[in-house]
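Numbering (UniProt numbering), first residue to last: 1 to 266.
Glycine included, C-beta positions come from ideal geometry on N, C-alpha and C.
This report concerns only the one structure given below.
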Amino acid sequence: MEAHKQHPSDNQSSFKQAQVVVIMVAFPCQSHLNQLLQLSCLISSYNIPVHYACSGTHIHQAKHRFTDINRLENTRINFHEFPTPHFLSPPPNPNASCKFPTHLQPSFEATLHLREPMAALLHTISPTARRVIVIHDALMAYVVQDIATMPNAESYSFSPISAFSSFYEGWELTGKPFMAEKEPEGLPSVAGCYSLEILNFIALQGDFLKLTAGYIYNTCRSIEGTSIDLLAKEEINTNKQIWAIGPLNQGTVCNKRSSNTGRKKG
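Dropping the structure here:
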């Protein structure tokens, strides 16, 4: 059963006539959780109702580690806490040949059980808005597959990694279907970075990414313009739209200089 908690300032009646409602579906890893929470705050700042869904434990983690608490508290985000089944939690193996954190794999597999509560949430929210937009982590495509049954809903996949990594990993996994200009040298292979188990998990998501209307990247053209253009090639994204909307985590850089910096010596 879904556990639903709302921000104290929210009330459901304000959303009954919403033109657009956005549902965020996060993957339970901190770097993934934080990026979608940053995006949730950005969208909410435009007075668009936002729902953030994940396991209860990981929602609390994302809130606790969020750097701009004032910003988070001033949003109108509904948090939906999903239960997850018990799973093994082995310790990390520092001597493993593959440095991917395979000890987290059981928690990744547990997310597959969220499809049913996610479908229930979608059916609850769908009648409250003219249009429902689901932005899901790329590793949660399986969980949101039931969006295909809702005529007023569409989904967009959010990539938690750089456009550069997204392109070259996808390019390698699809057999390098075309030549990339100035292919970087010395890059590690996908097999050298990921375990077989996570590659199988990613492959499962790929079957359902076909349902998405487009792809969102936490990047910008001035940083990764070349990679964004490569991602847009038909062989990689089958003519789906791509948006570069980052960087989302915009902190303030303090340029502190010592009292002696720039001072002329007599």
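query                                                                                                                                           : result
The alpha helix (DSSP H) that contains Y168, what's its start and end?                                                                          : 163-173
Assuming contact is defined by CB atoms lying nearer than 9 Å, are A53 and M150 in contact in what I supplied?                                  : no
Quick check: the segment 65-81 against the segment 96-104, are there 3 or more CB pairs under 8 Å?                                              : no
Count the other CB atoms within 10 Å of the CB of Q158; is the residue buried (16 or more) or exposed (fewer)?                                  : The sequence as given places Phe at residue 158; Gln does not occur at that position. Looking at its Cβ environment, which holds 16 or more other Cβ atoms inside 10 Å, F158 is buried.
Indicate the three-state DSSP secondary structure (helix, strand or coil) for N152 in the structure shown.                                      : coil
Have a look at C29, L122, S97, N93 and flag the residue whose alpha-carbon is nearest the alpha-carbon of T57.                                  : C29
What are the boundary residues of the alpha helix (DSSP H) that G225 is part of?                                                                : 221-231
Can you grab the Cα-Cα spacing for the pair Q241 / L36, in whole Å?                                                                             : 19 Å
In whole angstroms, what separates the C-alpha of S165 from that of R71?                                                                        : 30 Å
Span of the alpha helix (DSSP H) holding Q61?                                                                                                   : 56-65
Do you know how far the Cα of N93 is from the Cα of L121?                                                                                       : 37 Å
Would you tell me roughly how many angstroms separate the C-alpha atoms of F208 and Y142, rounded to the nearest one?                           : 6 Å
Could you name the residues that DSSP lists as bridge partners for H136?                                                                        : V25, S157
By DSSP, does I48 sit in helix, in strand, or in coil?                                                                                          : coil
Rounding to the nearest angstrom, what Cα-Cα distance links A145 and C98 in this structure?                                                     : Residue identity check: residue 145 is Gln in the sequence provided, not Ala. Each residue's Cα considered, the two are about 31 Å apart.
Which same chain residues end up closer than 7 Å to E197 when comparing Cβ atoms and leaving out the 5 residues on each side of it in sequence? : T102, Q105
With burial defined as no fewer than 16 other Cβ atoms inside 10 Å of the residue's Cβ, what is the status of G246: buried or exposed?          : buried
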